[in-house]
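> Take 444 as the starting number for the sequence shown in the working numbering and just add one per residue. Heads up, the beta-carbon is just placed ideally off N, CA and C, and yes, glycines get one too. Model, not experiment: these values are computed from the prediction.
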Amino acid sequence: SGGMRQRIVIAIALSCQPKILICDEPTTALDVTIQALIIRLIKDLQRDLGFTTVYITHDLGVVANVAERVAVLYAGQIVEIGTVEEIFYDPRHPYTWALLSSLPQLTEKDSDLFSIPGTPPSLYNKIVGDAFAPRNQYAMAIDLVEEPPMFRVSDTHWAKTWLLDPRAPKTEAPKNIQNLHEKMARIYAATDFEE
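#1: Excluding the 5 residues preceding and the 5 following R512 in the sequence, name in chain order all residues of the same chain whose CB lies nearer than 8 Å to its CB.
#2: Which one of G446, K462, A507 has the shortest CA to CA distance from L480?
#3: Does the pairing of the segment 537–546 with the segment 500–518 give three or more beta-carbon distances under 8 Å?
#4: Tell me which residues share the same chain as N579 and place their Cβ nearer than 6 Å to its Cβ, disregarding the 5 neighbours each side in the sequence.
#5: Which residues bound the beta strand (DSSP E) around A507?
#6: One question on the structure: do L596 and L607 come within less than 8 Å of each other, judged by their Cβ atoms?
#7: If we call anything under 8 Å between Cβ atoms a contact, is Y517 one with C466?
#8: From A611 to T562, what distance separates their C-alpha atoms?
#9: Taking the alpha-carbon positions, what's the P564 to P592 distance?
#10: How long is the line joining the alpha carbons of I455 and N508, rounded to whole angstroms?
#11: Could you check which residue in A616, Y567, P577 has the C-alpha nearest to that of P560?
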């Protein structure tokens with residue numbers, strides 16, 4: 444089974460007693476019950492053996508339940524980094540907004556699932572400006588010509604978007620991800636990733 448294969452791969456990875464365990468999509472193609480078992484296994488082993496775990500995943504539900512810090516990547520670059528609370532409850536980059544908006548669990552009944560328009564850029568070509576600009580409904584003229592720096596939101600939270608420049612017009616996160624903490628609490632209350 445998929446869950447058994449995951450356990451075997453984890454055992455092999457931990458056989459050399461690493462200080463860091465990198466889990467690339469550890470719960471993909473597993474049902475929710477097996478996902479919870481695998482995540483619980485990793486957390487138990489992490490606690491018992493004292494290693495750090497780095498998750499690489501598109502499953503934001505897993506991220507919300509296991510991460511302490513989150514880095515959001517787009518086109519091979521970190522576009523936002525912060526604590527899990529900052530990323531989920533106070534996201535600042537339009538790509539992070541789009542990712543959170545595309546959570547199927549946040550879609551209202553009888554409405555279309557949000558999808559990010561356009562296609563990701565080819566990494567074979569030099570990207571000019573902000574890599575997300577062609578797909579970003581909040582893009583400004585500067586986004587098309589100059590790559591934004593990382594702007595400090597707090598000591599632990601940074602985002603790479605011109606929207607955080609003091610000269611930028613005030614822009615709020617989309618309504619569907621505001622009060623996300625309440626929505627996420629309801630959605631994942633039934634999923635037991637805890638010890």
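In short:
#1: Your numbering for residue 512 matches position 69 in the sequence shown. Same-chain partners within the cutoff: I524, G525, T526, V527, T599.
#2: Numbered from 1 along the sequence shown, position 37 holds the residue referred to as residue 480. When only C-alpha atoms are compared, the closest one is G446.
#3: yes
#4: As a position in the sequence shown, residue 579 is number 136, starting the count at 1. The answer, listed in chain order, is P537.
#5: Indexing the sequence shown from 1 puts residue 507 at position 64. Run containing A507: none in the beta strand (DSSP E); it sits in the alpha helix (DSSP H), 503–509.
#6: Walking along the sequence shown from the start, residue 596 turns up at place 153. Walking along the sequence shown from the start, residue 607 turns up at place 164. Note that residue 596 corresponds to Val in the displayed sequence, not to Leu. For V596 and L607, yes; Cβs fall inside 8 Å.
#7: Within the sequence shown, numbered from 1, the residue matching residue 517 stands at position 74. Within the sequence shown, numbered from 1, the residue matching residue 466 stands at position 23. No.
#8: Here residue 611 refers to the residue found at position 168 when the sequence shown is read from its first residue. Here residue 562 refers to the residue found at position 119 when the sequence shown is read from its first residue. Roughly 26 Å between the two C-alpha positions.
#9: Counting from 1 along the sequence shown, the entry for residue 564 is found at position 121. Counting from 1 along the sequence shown, the entry for residue 592 is found at position 149. The alpha-carbon atoms of P564 and P592 are separated by roughly 19 Å.
#10: In the sequence shown, counting from the first residue as 1, residue 455 sits at position 12. In the sequence shown, counting from the first residue as 1, residue 508 sits at position 65. Approximately 25 Å between the Cα atoms of the pair.
#11: As a position in the sequence shown, residue 560 is number 117, starting the count at 1. Considering only alpha carbons, the answer is P577.
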